[in-house]
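First the structure, in the form of structure tokens, and then the observations on it.
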Ligand code: UDP
Ligand code: MG
């Protein structure tokens, strides 16, 4: 199969038919073999009914229905696991991304050898309250991730070589950083294509202003993970041990000084009770930090998979 189109959606019933027809038209015009995987992220409107209706008309339509709303990243993750195409294309369901971009994205992956091509909404049709913070956010993400050539990390329209989506774990709110995740997994041929962007036709955006706050926190986590491997708690364990040993050493010197002082009646600079308490506290804090790090490691090694979602129904998708 040439292409899997993965579409995460939350309450988008008005746009699904139009989106489906448009994708179908592009695929038939270019003779692509394809599937459309709609991932219904706990919609409370009639989205799932529309997906079932579309699947009756078109055997290429598949569906995953979550039992509740988990978020865009889990929806993408499950779509990725189910995708069978050589190239996987993600797209928002709200008709802001244009299916007409699919053939060129496909060509860039298969002929130019990109692992990932990200859309760039150079001319955006979103309110200023969203575009200005987004610019700032993208600048930070570029700097921290080291993926310097991307202008628009969060664009919903992206294309991937299938190995990429099979080898990355998109969890939490990490859909904003898939290029960073891909780079960390060793897929570093990352390109960009300017894409058309339309204003939302129906409904409203599903992300509020806290998207930026969450976005920055996730960026920090990813930076940490990419620098300190899968066990970030090692760092705290390490800091804790250093603190512990410095304090321990200081207390030891103080103890020796005390003994020497007692024998000749002179006081050294460290043999002062304030310093004694400072180093005692330091030693205990170091011990605590070390234990926190150790517990963190234990938990991260023994906890079950993070991506464990309740799926209510599957449409033409094998488990
Ligand atoms: N979405 C989702 N789960 C959510 C929130 C959003 O699957 O919890 C989908 C949404 O239906 C759309 C895409 O993610 O297909 C992008 O969302 P939206 O258009 O609200 O984001 P924006 O364009 O404002 O960045
Ligand atoms: Mg949108």
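Residue numbers (full-length UniProt numbering): 1 to 319.
From the three backbone atoms N, C-alpha and C, an ideal C-beta is built for every residue, glycine too.
Inter-residue distance for residue 119 and residue 171 is about 21 Å (C-alpha atoms, whole angstroms).
In this structure, the alpha-carbon of residue 87 lies about 15 Å from that of residue 189. Chain order is used for the residues whose beta-carbon lies nearer than 6 Å to a heavy atom of the ligand UDP, namely 8, 9, 10, 12, 41, 69, 71, 72, 75, 92, 93, 94, 96, 156, 205, 206, 207.
In the DSSP assignment, the residues bridged to residue 35 are 4. Taking 8 Å as the cut-off, the beta carbon of residue 239 is found no closer than this to the beta carbon of residue 315. Cβ-Cβ separation between residue 280 and residue 244: approximately 11 Å, too far for a contact (criterion under 8 Å). For residue 200, the shortest separation between its Cβ and any heavy atom of the ligand MG lies below 7 Å. Looking at 194, 199, 174, 164, the one whose alpha-carbon comes closest to that of residue 185 is 164. Selection 136, 5, 22, 111 evaluated against residue 215 yields 136 as nearest (Cα-Cα). Non-local C-beta neighbours of residue 210 in its own chain, meaning closer than 6 Å and more than five positions away in sequence, are absent. Restricted to the region 106-183, the alpha helix (DSSP H) segments that are unbroken, complete and at least 4 residues in length are 128-145, 162-166, listed in chain order.
Check the Cα spacing between residue 312 and each of 282, 187, 41, 66: the tightest is with 66.
Contact check for residue 50 against residue 8 fails: the beta carbons are separated by 8 Å or more. Taken atom to atom, the span from the alpha-carbon of residue 37 to that of residue 52 is near 12 Å. Cβ neighbours of residue 19 within its own chain (closer than 7 Å, five residues either side excluded): 93, 95. The region 47-114 contains, as complete alpha helix (DSSP H) runs of 4+ residues, the segments 47-57, 72-82, 102-110 (chain order).
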